[in-house]
Amino acid sequence: MRSCYLTGVCTPSPWLFSPPFYVSYLFIWVTNLFLLVQREEKQLEASLDALLSQVADLKNSLGSFICKLENEYGRLTWPSVLDSFALLSGQLNTLNKVLKHEKTPLFRNQVIIPLVLSPDRDEDLMRQTEGRVPVFSHEVVPDHLRTKPDPEVEEQEKQLTTDAARIGADAAQKQIQSLNKMCSNLLEKISKEERESESGGLRPNKQTFNPTDTNALVAAVAFGKGLSNWRPSGSSGPGQPGQPGAGTILAGTSGLQQVQMAGAPSQQQPMLSGVQMAQAGQPGKMPSGIKTNIKSASMHPYQR
Numbered sequence: 004m005r006s007c008y009l010t011g012v013c014t015p016s017p018w019l020f021s022p023p024f025y026v027s028y029l030f031i032w033v034t035n036l037f038l039l040v041q042r043e044e045k046q047l048e049a050s051l052d053a054l055l056s057q058v059a060d061l062k063n064s065l066g067s068f069i070c071k072l073e074n075e076y077g078r079l080t081w082p083s084v085l086d087s088f089a090l091l092s093g094q095l096n097t098l099n100k101v102l103k104h105e106k107t108p109l110f111r112n113q114v115i116i117p118l119v120l121s122p123d124r125d126e127d128l129m130r131q132t133e134g135r136v137p138v139f140s141h142e143v144v145p146d147h148l149r150t151k152p153d154p155e156v157e158e159q160e161k162q163l164t165t166d167a168a169r170i171g172a173d174a175a176q177k178q179i180q181s182l183n184k185m186c187s188n189l190l191e192k193i194s195k196e197e198r199e200s201e202s203g204g205l206r207p208n209k210q211t212f213n214p215t216d217t218n219a220l221v222a223a224v225a226f227g228k229g230l231s232n233w234r235p236s237g238s239s240g241p242g243q244p245g246q247p248g249a250g251t252i253l254a255g256t257s258g259l260q261q262v263q264m265a266g267a268p269s270q271q272q273p274m275l276s277g278v279q280m281a282q283a284g285q286p287g288k289m290p291s292g293i294k295t296n297i298k299s300a301s302m303h304p305y306q307r
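This is the structure:
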């Protein structure tokens, strides 16, 4: 190229537009463009292969986890479920890293156009989709090639966006602070309960009984250990040694009558008259109730 010293304007040399040079320049430009497109296609294919590999691993992990839930739910443990969730989470993070990598092209810029739509069964499509999509027809294309959500979902999203826009910045900040405060209080209570449970597990339990007294009580109830026959002082009358006499039983009966008379004064006279009539009708014999008491008193359960 030549430039004029007076005007400073560059003028191209006439040999640039000569046919041989123009053809060679065009050829080089087309070749570079072709190489660039080819390199982008190779990069896209490599990214798709890596993406398909990650998706296949994720699909296998999901299939094994679902199979485990359906067939091994009886002996399935919580740690194994957590391990499965951790594996799925790691694979999802790896998939996101592949999508966000600098060498991965933006898939949103790629356009997918269905070339053939047929209501007939396609065996190749069945094999590639593992039997999930038997035909590629007009009914299937909107579901598999849709880049926007359903109209109902879009309407709900618009409604949520409108509701969020109505709330002012101050009100939203107050709600956020209130929610954070509630979450902080809840976390504090949970951590406090965990600390108390851990300290309670480490601290030995306080003993609330005396083993000596417990053993003595069990021995007394089961074997009569430490028990002795009790006979009130001043008792007299016929009877075997170690048995309370009739006078003792009568004294106990009269004491019982006195307690009942103190509790119910209106029944004092009938009770006394009944005892006197029984004693008068059968001289020298005690009433049947007293006999029963004598019999039960003579059969001491712990007498050896």
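Take 4 as the starting number for the sequence shown in our numbering and just add one per residue.
All C-beta atoms in this analysis are idealised placements derived from N, C-alpha and C, irrespective of residue type, glycine included.
Boundaries (first-last residue) of the alpha helix (DSSP H) holding residue i
i: E133; result: Element bounds for E133: n/a, residue is neither H nor E.
i: E160; result: 154-169
i: H210; result: Note that residue 210 corresponds to Gln in the displayed sequence, not to His. Neither: Q210 is in no alpha helix (DSSP H) and is coded neither H nor E.
i: F88; result: 81-103
i: V144; result: 144-147
Nonlocal neighbours in the same chain, by C-beta distance under 7 Å from residue i, ignoring five residues either side
i: H141; result: L120
i: Q162; result: none
i: P122; result: V138, S140
Residue i versus residue j: straight-line alpha-carbon distance, rounded
i: R169; j: Y76; result: 47 Å
i: D125; j: K184; result: 58 Å
i: N61; j: Q210; result: Position check: residue 61 holds Leu in this sequence, whereas Asn was assumed. Rounded to the nearest angstrom, the two C-alpha atoms are 55 Å apart.
i: A53; j: A175; result: 42 Å
i: G240; j: V221; result: The predicted model places G240 with a pLDDT of 48, which falls under 50 and marks its position as unreliable; any figure quoted below should be read in that light. Their Cα atoms are separated by approximately 36 Å.
i: N74; j: K195; result: 39 Å
i: C70; j: R135; result: 18 Å
i: G229; j: R198; result: 48 Å
i: P108; j: F37; result: 18 Å
i: T217; j: S202; result: 30 Å
i: V101; j: S181; result: 38 Å
i: R87; j: P214; result: The sequence given here places Ser at residue 87; Arg does not occur at that position. Distance between the alpha carbons of S87 and P214 is about 50 Å.
i: E191; j: K177; result: 21 Å
i: R2; j: G66; result: With the chain covering 4 to 307 only, the question about residue 2 has no answer from this structure.
i: Q46; j: N112; result: 14 Å
i: L85; j: T165; result: 38 Å
i: T150; j: L39; result: 28 Å
i: L128; j: A59; result: 17 Å
i: A329; j: I179; result: Nothing can be reported for residue 329: it is not among the residues displayed for the chain, which extend from 4 to 307.
i: P247; j: A219; result: Model confidence at P247 stands at a pLDDT of 47, short of 50, so the residue's coordinates are unreliable; what they give is reported in the following sentence. Going by the C-alpha atoms only, they are around 27 Å apart.
i: Q159; j: I31; result: 54 Å
i: A223; j: N232; result: 14 Å
According to DSSP, residues forming a beta bridge with residue i
i: F139; result: S121
Burial state of residue i (16 or more Cβ within 10 Å)
i: F212; result: exposed
i: S56; result: exposed
i: T295; result: Note that T295 scores 49 on pLDDT, short of 50, meaning its location in the model is unreliable; the coordinates nonetheless yield the value given after this. T295 is exposed by the Cβ-count criterion.
Same chain, Cβ closer than 8 Å to residue i, neighbours up to 5 away in sequence not counted
i: P117; result: F139, V144, L148
i: L95; result: L61
Cβ shell of residue i (< 6 Å), same chain only, five flanking positions each side left out
i: L98; result: Q57
i: H104; result: none
i: L91; result: S64
i: A68; result: According to the sequence provided, residue 68 is Phe. The question's Ala does not apply to it. So the qualifying residues of the chain are S87.
i: S200; result: none
i: E157; result: none
i: L106; result: The residue asked about is misnamed: residue 106 is Lys in this sequence, not Leu. Around K106: no qualifying Cβ.
Any non-hydrogen atom of the ligand NAP closer than 8 Å to residue i Cβ
i: A219; result: For the ligand NAP, the structure offers nothing, since it holds no ligand at all.
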